[in-house]
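In my numbering, the protein residues as written are -9 to 146.
Idealized CB from N, CA, C, for every residue including glycine.
On a predicted model such as this, the values are computed, not experimentally measured, just so you know.
What follows is a set of notes on a single structure, which appears directly below.
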């Protein structure tokens, strides 16, 4: 029932074109679709239901002129992700870690895994594990998970 109510409310959203004609969001040429999804909201420490709106291109979401962000704004609705820079969305959506090395394999980005290859990197790895040995298990896990970013040389 909630999903139907949200969908029907979104279908009613309108915007004013440059010609002065009022049009609906769902008829905007850059609109693709919307769907209801669940996300964990850290501020309230609970799972919430949100509506994700898809555009055909990033410009359709938050570019200049008529775009989904501005259409929502005209209807007094905040488009949260439209304020995030494109490259940061790209990094976040693909779960990339800046500083690590990736390769393209069959059209997909693939992290090149860390390998203890020299005595120096083995020593550094051992020292880092020693530094975090008295930390909380989460910190130890974090340090092991991201250990491959620390010993990377800047230039080879």
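Residue 82 bridges to which residues according to DSSP?
None; residue 82 has no bridge partner.
Taking residue 41 as the reference, which of 50, 35, 47, 28 has the closest Cα?
28
To the nearest angstrom, report how far apart residue 83 and residue 13 are at their CA atoms.
Straight through space, the alpha carbons of residue 13 and residue 83 are spaced by roughly 31 Å.
Where residue 1 and residue 18 are concerned, what is the direct C-alpha to C-alpha distance, given to the nearest angstrom?
For residue 1 and residue 18, the distance between alpha carbons rounds to 11 Å.
Roughly how many angstroms lie between the CA atoms of residue 85 and residue 65, to the nearest whole one?
32 Å
Measure the CB-CB distance between residue 45 and residue 30 and report whether it falls below 8 Å.
no
I'd like to know whether the C-beta atoms of residue 50 and residue 57 end up nearer to each other than 8 Å.
Contact: yes.
Between residue 69 and the ligand COA, is there a pair consisting of the residue's CB and a ligand heavy atom that are separated by less than 7 Å?
Inclusion of the ligand COA in the displayed structure is not the case, the ligand content being empty and no account of it being possible.
Quick one: which unbroken alpha helix (DSSP H) runs of 4-plus residues sit fully inside the segment 49 to 79? Chain order, please.
Runs found: 58 to 64.
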